[in-house]
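Each remark here refers to the structure printed beneath this line.
See the structure below:
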């Protein structure tokens, strides 16, 4: 006798329409961890009835996930992250430091914040010891 009862993941694999969010929802139902973006795609796929009537905007603008919906009509309403020029420069400097260390095949000394007042330097050569910037300068 054939088992007509399919698990939700098997049902989507067999009958689910191919659209953004399908594989993410299947992975979620199989017990895998999803990133925030993958979770949003999976939820939109599920909420829109697996897009059985077509891949289009759900038009539920009151939904907090609507700005991130894959098939929304107006793409410009997605919130953008504002990064100050000072922060951009700090990111560039860190990346340059990593790239230079990679080219020289040496470990990179990247700063890390332990609290809001003390900047500490960590190096794999220090074997787990951490020195404050003031101590390292001596």
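In the numbering used here, the protein residues as written are 4 to 141.
Glycine is no exception: its CB is placed at the ideal position from the N, C-alpha and C atoms.
If you reduce the DSSP assignment to three classes, tell me which class residue i lands in.
i, result
"residue 12", "helix"
"residue 84", "coil"
"residue 58", "coil"
"residue 72", "coil"
"residue 103", "helix"
"residue 96", "helix"
"residue 36", "coil"
"residue 53", "helix"
"residue 90", "helix"
Is residue j closer than 8 Å to residue i when the C-beta atoms are compared?
i, j, result
"residue 48", "residue 22", "yes"
"residue 20", "residue 63", "no"
"residue 40", "residue 60", "no"
"residue 46", "residue 68", "yes"
"residue 86", "residue 53", "no"
Name the two residues that bound the continuous alpha helix (DSSP H) containing residue i.
i, result
"residue 31", "25 to 32"
"residue 39", "39 to 50"
Using a Cβ-Cβ cutoff of less than 7 Å, which residues in the same chain neighbour residue i once the five nearest sequence positions on both sides are dropped?
i, result
"residue 30", "37"
"residue 44", "23, 24, 27, 73"
Looking only at its own chain, which residues have a Cβ that is under 8 Å from the Cβ of residue i, when we skip the five neighbours before and after it?
i, result
"residue 42", "27, 31"
Within the same chain, show all residues whose beta-carbon is closer than 6 Å to that of residue i, passing over the 5 residues directly before and after it, in chain order.
i, result
"residue 51", "61"
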